[in-house]
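Visitor:
In the numbering used here, the protein residues as written are 180 to 326.
1. Measure the Cβ-Cβ separation of residue 223 and residue 212 and say whether it is below 8 Å.
2. How many angstroms separate the CA atom of residue 263 from the CA atom of residue 301?
3. What is the rounded straight-line gap between the Cα of residue 260 and the Cα of residue 250?
4. Tell me whether residue 308 sits in a helix, a strand or coil according to DSSP, three-state version.
5. How would you write the range of the alpha helix (DSSP H) that residue 271 sits in, first residue to last?
6. Once you ignore the five residues that flank residue 289 on each side, which residues in its own chain have a CB closer than 7 Å to its CB?
7. Confirm, please, whether the CB-CB distance from residue 317 to residue 228 is below 8 Å.
8. Give me the DSSP bridge partner(s) of residue 298.
9. Quick check: what's the CA-CA separation for residue 214 versus residue 307?
10. Could you check the C-alpha separation between residue 279 and residue 285 for me, to the nearest Å?
11. Along the chain, where does the alpha helix (DSSP H) containing residue 245 start, and where does it finish?
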(Lines of atoms letter the chains of each structure in order from A and count residues from 1; the text may use other names and numbers.)
(Lines give C-alpha, C1' and ligand atoms only; values in the text may rest on other atoms or scores of the structure.)
Protein backbone atom coordinates (compact mmCIF):
# COMPACT_ATOMS: atom_id res chain seq x y z
CA UNK A 1 0.00 0.00 0.00
CA UNK A 2 2.85 2.37 0.83
CA UNK A 3 4.44 1.77 -2.57
CA UNK A 4 1.13 2.47 -4.27
CA UNK A 5 0.80 5.78 -2.42
CA UNK A 6 4.38 6.72 -3.33
CA UNK A 7 3.76 5.90 -6.97
CA UNK A 8 0.55 7.89 -6.92
CA UNK A 9 2.34 10.89 -5.40
CA UNK A 10 5.10 10.71 -8.04
CA UNK A 11 2.48 10.47 -10.76
CA UNK A 12 0.61 13.52 -9.42
CA UNK A 13 3.85 15.49 -9.04
CA UNK A 14 4.92 14.63 -12.61
CA UNK A 15 1.64 15.85 -14.09
CA UNK A 16 1.62 18.95 -11.89
CA UNK A 17 5.04 19.92 -13.20
CA UNK A 18 3.96 19.24 -16.76
CA UNK A 19 0.86 21.43 -16.42
CA UNK A 20 2.99 24.14 -14.81
CA UNK A 21 5.42 24.08 -17.76
CA UNK A 22 2.53 24.33 -20.24
CA UNK A 23 1.06 27.31 -18.44
CA UNK A 24 4.50 28.89 -18.17
CA UNK A 25 5.09 28.86 -21.94
CA UNK A 26 1.63 30.26 -22.67
CA UNK A 27 1.87 32.96 -20.00
CA UNK A 28 5.38 33.93 -21.13
CA UNK A 29 4.29 34.67 -24.72
CA UNK A 30 0.59 35.48 -24.43
CA UNK A 31 0.96 39.26 -24.10
CA UNK A 32 3.23 39.53 -27.14
CA UNK A 33 1.04 37.16 -29.15
CA UNK A 34 -1.93 39.37 -28.27
CA UNK A 35 -0.04 42.47 -29.49
CA UNK A 36 0.72 40.69 -32.77
CA UNK A 37 -2.88 39.55 -33.00
CA UNK A 38 -4.04 43.15 -32.82
CA UNK A 39 -1.42 44.28 -35.33
CA UNK A 40 -1.91 41.49 -37.89
CA UNK A 41 -5.49 40.34 -37.26
CA UNK A 42 -4.41 36.76 -36.56
CA UNK A 43 -6.10 35.28 -33.47
CA UNK A 44 -3.90 34.93 -30.39
CA UNK A 45 -5.09 31.35 -30.02
CA UNK A 46 -3.76 30.54 -33.51
CA UNK A 47 -0.36 32.11 -32.87
CA UNK A 48 0.10 30.45 -29.47
CA UNK A 49 -1.27 27.04 -30.49
CA UNK A 50 1.11 26.79 -33.43
CA UNK A 51 4.09 28.04 -31.40
CA UNK A 52 3.31 25.65 -28.56
CA UNK A 53 2.96 22.67 -30.86
CA UNK A 54 6.06 23.46 -32.92
CA UNK A 55 8.25 23.92 -29.83
CA UNK A 56 6.78 21.25 -27.59
CA UNK A 57 5.88 23.98 -25.14
CA UNK A 58 9.26 25.66 -25.47
CA UNK A 59 11.34 22.51 -25.08
CA UNK A 60 12.57 21.94 -28.65
CA UNK A 61 16.20 22.57 -29.53
CA UNK A 62 15.13 24.89 -32.38
CA UNK A 63 13.34 27.00 -29.78
CA UNK A 64 16.10 26.91 -27.18
CA UNK A 65 19.11 27.30 -29.48
CA UNK A 66 17.74 29.21 -32.47
CA UNK A 67 14.83 31.14 -30.87
CA UNK A 68 12.67 29.53 -33.58
CA UNK A 69 9.15 28.98 -32.23
CA UNK A 70 7.44 28.06 -35.50
CA UNK A 71 9.73 25.57 -37.23
CA UNK A 72 10.50 28.12 -39.93
CA UNK A 73 13.25 27.03 -42.28
CA UNK A 74 16.14 29.14 -43.45
CA UNK A 75 19.79 29.87 -42.80
CA UNK A 76 21.46 29.92 -39.45
CA UNK A 77 25.08 30.28 -38.38
CA UNK A 78 24.68 28.27 -35.20
CA UNK A 79 24.24 24.66 -36.31
CA UNK A 80 23.70 22.59 -39.43
CA UNK A 81 19.93 22.30 -39.07
CA UNK A 82 17.54 23.54 -41.71
CA UNK A 83 15.83 25.84 -39.22
CA UNK A 84 16.25 29.59 -39.31
CA UNK A 85 17.74 31.35 -36.30
CA UNK A 86 16.30 34.50 -34.77
CA UNK A 87 17.85 37.16 -32.53
CA UNK A 88 15.15 36.51 -29.94
CA UNK A 89 11.76 34.88 -29.49
CA UNK A 90 9.86 38.02 -30.40
CA UNK A 91 11.61 38.12 -33.78
CA UNK A 92 10.43 34.56 -34.43
CA UNK A 93 6.83 35.39 -33.49
CA UNK A 94 6.89 38.48 -35.70
CA UNK A 95 8.43 36.59 -38.64
CA UNK A 96 5.66 34.01 -38.43
CA UNK A 97 2.95 36.68 -38.48
CA UNK A 98 4.65 38.43 -41.39
CA UNK A 99 4.83 35.11 -43.26
CA UNK A 100 1.12 34.53 -42.67
CA UNK A 101 0.28 38.08 -43.76
CA UNK A 102 1.85 37.40 -47.17
CA UNK A 103 -0.30 34.34 -47.94
CA UNK A 104 -3.25 34.44 -50.34
CA UNK A 105 -5.80 33.51 -47.66
CA UNK A 106 -4.73 36.30 -45.28
CA UNK A 107 -6.97 39.12 -46.49
CA UNK A 108 -10.00 36.83 -46.39
CA UNK A 109 -9.34 35.66 -42.82
CA UNK A 110 -7.78 38.80 -41.32
CA UNK A 111 -9.73 39.75 -38.20
CA UNK A 112 -11.64 36.45 -38.09
CA UNK A 113 -11.53 34.60 -34.77
CA UNK A 114 -12.36 31.20 -36.34
CA UNK A 115 -9.23 29.28 -35.39
CA UNK A 116 -10.25 26.23 -37.44
CA UNK A 117 -10.30 28.24 -40.67
CA UNK A 118 -6.93 29.76 -39.79
CA UNK A 119 -5.41 26.36 -38.95
CA UNK A 120 -6.59 24.83 -42.22
CA UNK A 121 -5.58 27.82 -44.34
CA UNK A 122 -2.08 27.97 -42.83
CA UNK A 123 -1.62 24.21 -43.14
CA UNK A 124 -2.86 24.14 -46.73
CA UNK A 125 -0.58 26.99 -47.78
CA UNK A 126 2.49 24.80 -47.48
CA UNK A 127 3.16 25.12 -43.77
CA UNK A 128 2.27 21.46 -43.24
CA UNK A 129 2.58 18.41 -45.46
CA UNK A 130 -0.49 16.84 -43.81
CA UNK A 131 -2.98 19.71 -43.29
CA UNK A 132 -5.90 17.74 -41.81
CA UNK A 133 -3.69 15.87 -39.35
CA UNK A 134 -1.85 19.08 -38.39
CA UNK A 135 -5.14 20.90 -37.77
CA UNK A 136 -6.32 18.03 -35.57
CA UNK A 137 -3.11 18.16 -33.51
CA UNK A 138 -3.43 21.92 -33.12
CA UNK A 139 -6.95 21.57 -31.79
CA UNK A 140 -5.73 18.99 -29.27
CA UNK A 141 -2.96 21.38 -28.17
CA UNK A 142 -5.42 24.28 -27.98
CA UNK A 143 -7.70 22.30 -25.67
CA UNK A 144 -4.81 20.86 -23.66
CA UNK A 145 -3.36 24.25 -22.75
CA UNK A 146 -6.71 26.00 -22.38
CA UNK A 147 -6.62 28.38 -25.32
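All residues carry an ideal CB built from backbone N, CA and C; glycine is no exception. Keep in mind the model is a prediction, meaning the values are calculated, not measured.
Guide: To lay it out plainly:
1. Closer than 8 Å, so yes.
2. Approximately 19 Å, taken between the alpha carbons.
3. The straight-line gap from Cα to Cα measures roughly 11 Å.
4. Residue 308: coil per DSSP, three-state reduction.
5. First-last of the alpha helix (DSSP H) with residue 271: 268 to 280.
6. Correct list, in chain order: 220.
7. Yes, the Cβ-Cβ distance between residue 228 and residue 317 is below 8 Å.
8. Partner(s): none; residue 298 has no beta bridge.
9. C-alpha separation (whole angstroms): 25 Å.
10. Distance between the alpha carbons of residue 279 and residue 285: 7 Å.
11. Annotation for residue 245: the continuous alpha helix (DSSP H) segment containing it runs 240 to 245.
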